[in-house]
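J.: Residue numbers for the sequence shown follow our numbering, beginning at 9 and rising by one.
Please read through the structure below; I'll follow up with questions.
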Amino acid sequence: MTAVIVFLGVVLLIALSWKLYQVVKAPEDGPLRAVTLCLACVGTSFPLGLRAGARAFDSLTGPGGAKLLQNVLLLAAAYWLMCFYLFSASDRQGGRVRARWEALPLVATIATISLAVLTTPASVRAHLYETADMRVNQVAIFYLVAGLYLVYSMASALCWTWRYARMSTRPLAIGLWLAAAGMAGMVAACSVRAVLVVTRWRGSPVPHGLFQLVNLLLLLAVPLFVIGVSYPGVVTRIAALRIRRRHRRLYRRLYPLWTVLHKAYPEDTLHRVPVNRWRHLPSLGGVHRRYYRRVIECRDGLVRISPYLADLGAHDGSESSPAALAEHLRTALQTHAAGGSASSIAVPIAMPHSDDLEADVRQLVALADALRSAKPESR
9 MTAVIVFLGV
19 VLLIALSWKL
29 YQVVKAPEDG
39 PLRAVTLCLA
49 CVGTSFPLGL
59 RAGARAFDSL
69 TGPGGAKLLQ
79 NVLLLAAAYW
89 LMCFYLFSAS
99 DRQGGRVRAR
109 WEALPLVATI
119 ATISLAVLTT
129 PASVRAHLYE
139 TADMRVNQVA
149 IFYLVAGLYL
159 VYSMASALCW
169 TWRYARMSTR
179 PLAIGLWLAA
189 AGMAGMVAAC
199 SVRAVLVVTR
209 WRGSPVPHGL
219 FQLVNLLLLL
229 AVPLFVIGVS
239 YPGVVTRIAA
249 LRIRRRHRRL
259 YRRLYPLWTV
269 LHKAYPEDTL
279 HRVPVNRWRH
289 LPSLGGVHRR
299 YYRRVIECRD
309 GLVRISPYLA
319 DLGAHDGSES
329 SPAALAEHLR
339 TALQTHAAGG
349 SASSIAVPIA
359 MPHSDDLEAD
369 VRQLVALADA
379 LRSAKPESR
């Protein structure tokens with residue numbers, strides 16, 4: 009059980025950190041803010057559900073304070089989860105109006121359970137769900153009202169999640185199905201708990217194994233939901249890191265070609281307005297900018313040197329081998345450096361067979377590799 013709790017805490021921390029980073033990058037995104045607030049409420053309530061955390065908080069507020077705050081945070085998390093779908097399915101104004109209406113049951117539920125805790129005798133306030141005396145009306149009302157709101161809010165979110173999952177494609181669909189499975193588990197667990205509250209309120213005994221089964225269902229459902237919410241973003245980020253690594257590798261492979269062309273035509277270097285390096289570091293966008301700049305500068309340099317290559321009969325770059333073209337390019341660059349004359353017409357050099365950037369980069373990389381093999385360059 010301890011390992012499960014630690015795993016849940018780690019998952020919550022990672023998911024919340026990721027969402028906070030996304031909110032900083034896109035603070036105007038309403039659905040994203042709602043998901044972040046949902047995870048923040050769940051993450052904040054997590055320490056209060058631990059025995060040590062509850063004791064520490066109760067020592068400051070009195071018996072039952074940790075239990076009340078934990079449930080308020082969980083209710084708020086369920087509310088923000090509903091708001092995520094309200095903001096996603098409606099326009100900004102319509103989503104806000106519906107969110108305000110949905111806030112009324114939340115406020116009523118929080119007021120009810122708060123009143124129930126305040127009017128409960130201090131001797132029975134801090135008891136856990138399994139050991140609480142449900143024959144005390146305030147205790148039964150506390151657990152029943154909170155549980156029913158969770159069932160309502162989570163069931164509503166589950167319906168939205170199911171609908172979106174059926175319409176979505178991977179990886180979003182996988183994340184939605186995982187989140188739906190987690191919510192289904194939470195709805196089932198909260199429903200069973202509500203039934204058990206009524207049963208115990210009437211004085212009927214409940215097997216202890218049933219409590220353990222419900223707790224296990226919650227321990228599995230909550231991390232499954234958090235993983236589902238985080239899965240699309242994690243998969244997208246992994247794909248972005250792979251592209252970044254590939255661009256960085258190609259950027260380095262283009263170095264020999266860029267070096268000789270930059271030496272011949274330094275004025276063709278693309279300049280940009282300086283940016284704050286630390287601000288853009290988390291997005292890792294600098295690698296992509298440098299990569300595309302180098303590709304453009306290499307292609308511009310080949311266009312500038314192509315009249316010299318035309319005089320050497322090397323104008324058909326799509327047919328010439330990279331090694332032969334590299335030798336012609338060196339000769340053309342030497343002629344240019346010596347101030348020799350050249351044709352007045354630019355001709356295609358190392359052109360791709362298809363009209364896309366990836367094919368163009370493959371031609372440039374092949375030429376750069378040939379230059380590296382012919383004469384290694386130092387960086």
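From the three backbone atoms N, C-alpha and C, an ideal C-beta is built for every residue, glycine too.
Quick check: what's the CA-CA separation for residue 177 versus residue 249?
T.: Here residue 177 corresponds to residue number 169 of the sequence shown, with the count starting at 1. Here residue 249 corresponds to residue number 241 of the sequence shown, with the count starting at 1. Taking the straight line joining both Cα atoms gives about 21 angstroms.
J.: Can you list, in chain order, the residues of its chain whose CB lies under 7 angstroms from that of residue 384, leaving out five sequence neighbours each side?
T.: Here residue 384 corresponds to residue number 376 of the sequence shown, with the count starting at 1. With a pLDDT of only 48 at residue 384, under 50, the local geometry of the prediction cannot be trusted, and no value is derived from it.
J.: First and last residue of the alpha helix (DSSP H) that includes residue 403?
T.: Only positions 9 to 387 of the chain appear in the structure, and residue 403 is not among them; the question remains open.
J.: Within the same chain, show all residues whose beta-carbon is closer than 6 angstroms to that of residue 103, passing over the 5 residues directly before and after it, in chain order.
T.: Here residue 103 refers to the residue found at position 95 when the sequence shown is read from its first residue. 94 and 95.
J.: May I have the straight-line CA-CA distance separating residue 32 from residue 82, to the nearest angstrom?
T.: Walking along the sequence shown from the start, residue 32 turns up at place 24. Walking along the sequence shown from the start, residue 82 turns up at place 74. The straight-line gap from Cα to Cα measures roughly 24 angstroms.
J.: Would you mind reading off the limits of the alpha helix (DSSP H) that contains residue 243?
T.: Your numbering for residue 243 matches position 235 in the sequence shown. 216-261 is the extent of the alpha helix (DSSP H) around residue 243.
J.: From the DSSP output, in three-state form, read off residue 281 for me.
T.: As a working mapping, residue 281 is identified with position 273 in the sequence shown. Caution is warranted here: a pLDDT of 47 is assigned to residue 281, below 50, making its placement in the model unreliable, and the coordinate value is therefore given only provisionally. Note: residue 281 maps to coil in three-state DSSP.
J.: Among 73, 184, 222 and 238, which residue has its Cα nearest to the Cα of residue 200?
T.: Taking the first residue of the sequence shown as 1, we reach residue 200 at position 192. Closest option to residue 200, Cα to Cα, is 222.
J.: Counting along the chain, where does the alpha helix (DSSP H) carrying residue 43 start and finish?
T.: For the purposes of this step, residue 43 is identified with residue 35 of the sequence shown, where counting begins at 1. Its alpha helix (DSSP H) spans residues 38-56.
J.: Does DSSP put residue 264 in a helix, a strand or coil?
T.: Here residue 264 refers to the residue found at position 256 of the sequence shown. Looking at residue 264 - three-state DSSP - the assignment turns out to be helix.
J.: What residues in its chain sit with their C-beta under 7 angstroms from that of residue 150, if we drop five residues either side in the sequence?
T.: Here residue 150 corresponds to residue number 142 of the sequence shown, with the count starting at 1. 121, 124 and 125.
J.: On the CB-based measure, 16 or more other CB atoms within 10 Å of its CB, does residue 45 come out buried or exposed?
T.: Position 37 of the sequence shown, counted from the first residue, corresponds to residue 45. Result: buried.
J.: If we count the other Cβ atoms within 10 Å of its Cβ and call it buried at 16 or more, is residue 15 buried or exposed?
T.: By 1-based counting over the sequence shown, the position of residue 15 is 7. Under this definition residue 15 is an exposed residue.
J.: Can you tell me which of 299, 168, 316 and 133 puts its alpha carbon nearest to the alpha carbon of residue 71?
T.: Counted from its first residue, the sequence shown places residue 71 at position 63. Out of 299, 168, 316 and 133, 133 has the C-alpha closest to the C-alpha of residue 71.
J.: Pick helix, strand or coil for residue 171, following the three-state DSSP scheme.
T.: As a working note, residue 171 is residue 163 in the sequence shown. Helix at residue 171.
J.: Should the stretch 142-161 be regarded as contacting the stretch 170-189, the criterion being three or more beta carbon pairs within less than 8 angstroms?
T.: No, they do not touch.
J.: Identify the continuous alpha helix (DSSP H) that holds residue 339 and give its terminal residues.
T.: Counting from 1 along the sequence shown, the entry for residue 339 is found at position 331. Segment 330-345, the alpha helix (DSSP H) holding residue 339.
J.: Measuring only the C-alpha atoms, how far is residue 18 from residue 235?
T.: Here residue 18 refers to the residue found at position 10 when the sequence shown is read from its first residue. Here residue 235 refers to the residue found at position 227 when the sequence shown is read from its first residue. Roughly 11 angstroms separates the two Cα atoms.
J.: For residue 204, count neighbouring Cβ atoms within 10 angstroms of its own Cβ and tell me buried if that reaches 16, exposed if not.
T.: By one-based count along the sequence shown, residue 204 stands at place 196. Buried.
J.: In whole angstroms, what is the alpha-carbon distance linking residue 312 and residue 244?
T.: On the sequence shown, position 304 is the one that residue 312 refers to. On the sequence shown, position 236 is the one that residue 244 refers to. Taking the straight line from one Cα to the other gives about 39 angstroms.
J.: I need the DSSP call for residue 24, collapsed to helix, strand or coil.
T.: Locating residue 24 in the sequence shown gives position 16, where the first residue counts as 1. The answer is helix: DSSP assigns residue 24 an H, G or I state.
J.: Between the stretch 247-266 and the stretch 214-231, are three or more C-beta pairs nearer than 8 angstroms?
T.: With a cut-off of 8 angstroms, the stretch 214-231 and the stretch 247-266 do not count as touching, because too few Cβ pairs lie within range.
J.: Residue 286 to residue 64, Cα distance in whole Å?
T.: Sequence index remark: in the sequence shown, residue 286 carries index 278 (1-based). Sequence index remark: in the sequence shown, residue 64 carries index 56 (1-based). Low per-residue confidence applies at residue 286: pLDDT is 46, beneath 50, and the placement is therefore not dependable, though the value from the model is reported in the following sentence. About 39 angstroms.
J.: State the Cα-Cα distance for the pair residue 62 and residue 75, rounded to the nearest angstrom.
T.: Numbered from its first residue, the sequence shown carries residue 62 at position 54. Numbered from its first residue, the sequence shown carries residue 75 at position 67. Going from the Cα of residue 62 to the Cα of residue 75 covers about 7 angstroms.
J.: Classify residue 8: buried if its beta carbon has 16 or more other beta carbons within 10 angstroms, exposed otherwise.
T.: The chain is shown from 9 up to 387; residue 8 falls before or after that span and cannot be answered.
J.: How would you call residue 145, buried or exposed, if buried means at least 16 neighbouring beta carbons within 10 angstroms?
T.: Residue mapping note: residue 145 aligns to position 137 of the sequence shown, counting from 1. So residue 145 counts as exposed.
J.: Residues in the same chain with beta-carbon distance under 6 angstroms from residue 89, minus the five sequence neighbours each way, listed in chain order, please.
T.: Along the sequence shown, one-based indexing puts residue 89 at 81. For residue 89, where only same-chain residues beyond five positions count, the Cβ hits under 6 angstroms are 46 and 165.
J.: Could you check how far apart the C-beta atoms of residue 388 and residue 21 are, in whole angstroms? I think they sit under 8 angstroms.
T.: Given that the chain is displayed from residue 9 to residue 387, the structure contains no residue 388 and the question cannot be resolved.
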